[in-house]
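**Q**
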Amino acid sequence: MANDLGRQPDGSAEARLPATLLLRAAERQRAAATSTLLGVALVAYAHWGGPGQAFVPWFVLVRLAALAWSHAITRRIQQLHAGGEPFMHLEWQFILAMGAGGAAWGLIGWMVPDLNLADWAARDLFSAIIMVFISCMVLITLSHHGRALLAYMCAQWSVACLYMVLAPGPLAKALLIFVGIAGLVAVLLLYGRLLQRQTRQGVLAELRNDDLTARLQQANRQLEQALEQAVAAANHDPLTGLLNRRALATQVDYLAAARRRHGGACSVLLLDIDHFKRINDSHGHAAGDEVLRALAATLACTLREVDIIARWGGEEFLVVMPDCDIATALVRAEDVRAGVARLKVAALPADYRLGVSIGAADWPLDAGFDAVVSRADTALYSAKEAGRNRVEQARP
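Numbering (numbering that gives the first Met the number 0) for the sequence shown: 0 to 395.
Shown next, in the form of structure tokens:
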């Protein structure tokens, strides 16, 4: 992603822009390697056997060496980027490698016979067209890096023009050709500057968009987390983590609708911690809270995952058990009672034995939920009256 390129400590798009532009330029140079090899082969073939044949091996050697250098630098830049390491220290090596590549192409000017254009063969015109074509193409391949473009273009035509200074011939004709080349280079650099500015603005806009997208995604994640927390807070008891009465009502509505369509047994347990007020009064509310959490954990461990467990209020808990007949519900209730009796709460004396009274009721298909809870509550009252710490079944 563009927003990972050359990330600076402040992480701003402007700070990451130079590294992004360098990486893009390096990627384009690696992609242009094949066309460079093809161009070298065409120029060597065109001048082999001509007046400039002596320069062909030197041209091929220098251009391939510059290409190998450029390939090594660009490959290293991409490797460092892939590893998340900084690579801007390679920028000047990249610029020099681009200058070397341009200078190698400038050697084509040394293969023409002389400055008399009338004596040029088709291969010489072809070479001149190739040099202009290369200059035009480099406007695109190096549009991400203005200094590398300048180094490439200046090196290419400086080496080509050096031949005019050293070659014998009329000075006026050399100056005329030099002025023409200077005009061409000036126009190319002007267009290159405009293209580089547009490219820079486009990449900067891309980085800013990436930053904005990242911030929006982070904001969305925070909103989703906040929504999840709000939903959890609205549906769960903050002390025990169990469902509260409102969330229980929603679950019961879904269960009732499903039972109307498909039938099935269902049972309800209503639990109350014995002598809970005494625990609060004698050992403190912190101890009472720990007892409530311990009972909630016991219910979660003892009952099935499909059972709906909620804190009904105070020290009372309610369990709705779908697909469970009353006989099975009584067995499960007894397991809960025995589990609570074995609990050891750190806030209470070591010999303190917790107890829980449980009322159990079946839920007929033709009965409402409030009626079932009322029957379970009556059974719970019977358990209290019978001595507490026991399970009682509601009467039909």
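Backbone N, C-alpha and C fix where the C-beta goes; we use that ideal spot for every residue, glycine too.
1. What's the C-alpha gap between residue 68 and residue 29?
2. Can you tell which of 18, 120, 42 and 44 has the C-alpha that lies nearest to the C-alpha of residue 73?
3. Could you pull the DSSP bridge partners for residue 317 from this structure?
4. Which of the three DSSP states is assigned to residue 61 in this structure?
5. Can you give me the C-alpha to C-alpha distance between residue 398 and residue 356, rounded to a whole angstrom?
6. Just the Cα atoms here: how many angstroms apart are residue 138 and residue 197?
7. Over the uninterrupted alpha helix (DSSP H) stretch that includes residue 250, give me the two end residues.
8. Tell me residue 361's beta-bridge partners as DSSP assigns them.
9. Which residue from 308, 134 and 146 puts its Cα closest to that of residue 245?
10. Would you call residue 278 buried or exposed, if buried means 16 or more other Cβ atoms sit within 10 Å of its Cβ?
11. Leaving out the 5 sequence neighbours to the left and right, which residues in its chain are closer than 8 angstroms to residue 387 when beta-carbon positions are compared?
12. Do three or more CB pairs link the segment 222-240 to the segment 39-49 at distances below 8 angstroms?
13. Using DSSP bridges, identify the partner residues of residue 356.
14. Taking 6 angstroms as the limit between beta carbons, can you name the residues of its chain near residue 315, skipping five residues before and five after?
15. Using 8 angstroms as the threshold, is the C-beta distance between residue 109 and residue 49 below it?
16. Which residues mark the beginning and the end of the beta strand (DSSP E) in which residue 392 is found?
17. Who does residue 80 pair with in a DSSP beta bridge?
18. Beta-carbon within less than 6 angstroms of residue 148's beta-carbon, same chain only, minus the 5 sequence neighbours each way: which residues are those?
19. Please tell me whether residue 241 and residue 235 are closer than 8 angstroms, where the distance is taken between their beta carbons.
20. Taking 8 angstroms as the CB-CB cut-off, is residue 380 touching chain D?
21. Between residue 458 and residue 57, how many whole angstroms is the CB-CB distance? I'm expecting something under 8 angstroms.
22. Closest to residue 101 by C-alpha separation, out of 81, 87 and 131, would be which residue?
23. What whole-angstrom Cβ distance do residue 12 and residue 288 have, given they're in contact under 8 angstroms?
24. Secondary structure at residue 284, three-state DSSP: helix, strand or coil?
25. By how many angstroms is the C-alpha of residue 261 removed from the C-alpha of residue 368?
26. For residue 159, collect the residues of the same chain with a Cβ closer than 6 angstroms to its Cβ; drop the 5 residues on either side in sequence, then sort them by chain order.
**A** Taking the geometry as given:
1. Taking the first residue of the sequence shown as position 1, residue 68 is located at position 69. Taking the first residue of the sequence shown as position 1, residue 29 is located at position 30. A straight-line Cα-Cα distance of about 11 angstroms links residue 68 and residue 29.
2. As a first step, residue 73 must be located in the sequence shown, where it is residue number 74. Closest option to residue 73, Cα to Cα, is 18.
3. Here residue 317 refers to the residue found at position 318 when the sequence shown is read from its first residue. 269 and 309, per the DSSP bridge assignment.
4. Translated into the one-based positions of the sequence shown, residue 61 becomes position 62. Helix at residue 61.
5. With the chain covering only 0 through 395, there is no way to say anything about residue 398.
6. One-based indexing of the sequence shown puts residue 138 at position 139. One-based indexing of the sequence shown puts residue 197 at position 198. Rounded to the nearest whole angstrom, the C-alpha separation of residue 138 and residue 197 is 12 angstroms.
7. For the purposes of this step, residue 250 is taken as the residue at position 251 of the sequence shown. For residue 250, the enclosing alpha helix (DSSP H) begins and ends at 244-261.
8. The sequence position of residue 361 within the sequence shown is 362, counting from 1. For residue 361, which the question treats as bridged, DSSP gives the partners 266.
9. The sequence position of residue 245 within the sequence shown is 246, counting from 1. The closest CA to that of residue 245, considering only 308, 134 and 146, is found on 308.
10. As a working mapping, residue 278 is identified with position 279 in the sequence shown. Taking every protein chain shown into account, the CB of residue 278 has 16 or more other CB atoms within 10 angstroms, so this residue is buried.
11. Here residue 387 corresponds to residue number 388 of the sequence shown, with the count starting at 1. Result list for residue 387: 273, 274, 354 and 356, in chain order.
12. The answer is no - the segment 39-49 does not touch the segment 222-240, with fewer than three Cβ pairs under 8 angstroms.
13. Along the sequence shown, read from residue 1 onward, the residue named residue 356 stands at position 357. The partner list for residue 356 (beta bridge, DSSP) reads 271.
14. Residue numbering aside, residue 315 sits at position 316 when the sequence shown is read from its first letter. Counting only Cβ-Cβ distances below 6 angstroms, and skipping sequence neighbours, we find 271.
15. For this step, residue 109 is matched to residue 110 along the sequence shown. For this step, residue 49 is matched to residue 50 along the sequence shown. No, they are not a contact pair.
16. Working through the sequence shown from its first residue, we reach residue 392 at position 393. The continuous beta strand (DSSP E) containing residue 392 extends over residues 390-392.
17. Within the sequence shown, residue 80 is the residue found at index 81, counting from 1. In the DSSP output, where bridge partners are listed per residue, residue 80 has none listed.
18. Counted from its first residue, the sequence shown places residue 148 at position 149. If you ignore the 5 residues before and after residue 148, its C-beta comes within less than 6 angstroms of the C-beta of 141 and 191, all in its own chain and listed in chain order.
19. The residue given as residue 241 occupies position 242 in the sequence shown. The residue given as residue 235 occupies position 236 in the sequence shown. Their beta carbons are under 8 angstroms apart, which means residue 241 touches residue 235 by this criterion.
20. No chain D appears in the structure shown, which is made up of a single protein chain.
21. Since the first residue of the chain shown is 0 and the last is 395, residue 458 is not available in this structure.
22. The count along the sequence shown starts at 1 and reaches residue 101 at position 102. If we check each option's Cα against that of residue 101, 131 comes out closest.
23. As a first step, residue 12 must be located in the sequence shown, where it is residue number 13. As a first step, residue 288 must be located in the sequence shown, where it is residue number 289. About 51 angstroms separates the two Cβ atoms, so there is no contact after all.
24. Walking along the sequence shown from the start, residue 284 turns up at place 285. Collapsing the DSSP output to three states places residue 284 in a helix.
25. Position 369 of the sequence shown, counted from the first residue, corresponds to residue 368. Position 262 of the sequence shown, counted from the first residue, corresponds to residue 261. Each residue's alpha carbon lies about 17 angstroms from the other.
26. Here residue 159 refers to the residue found at position 160 of the sequence shown. Cβ within range, chain order: 105 and 108.
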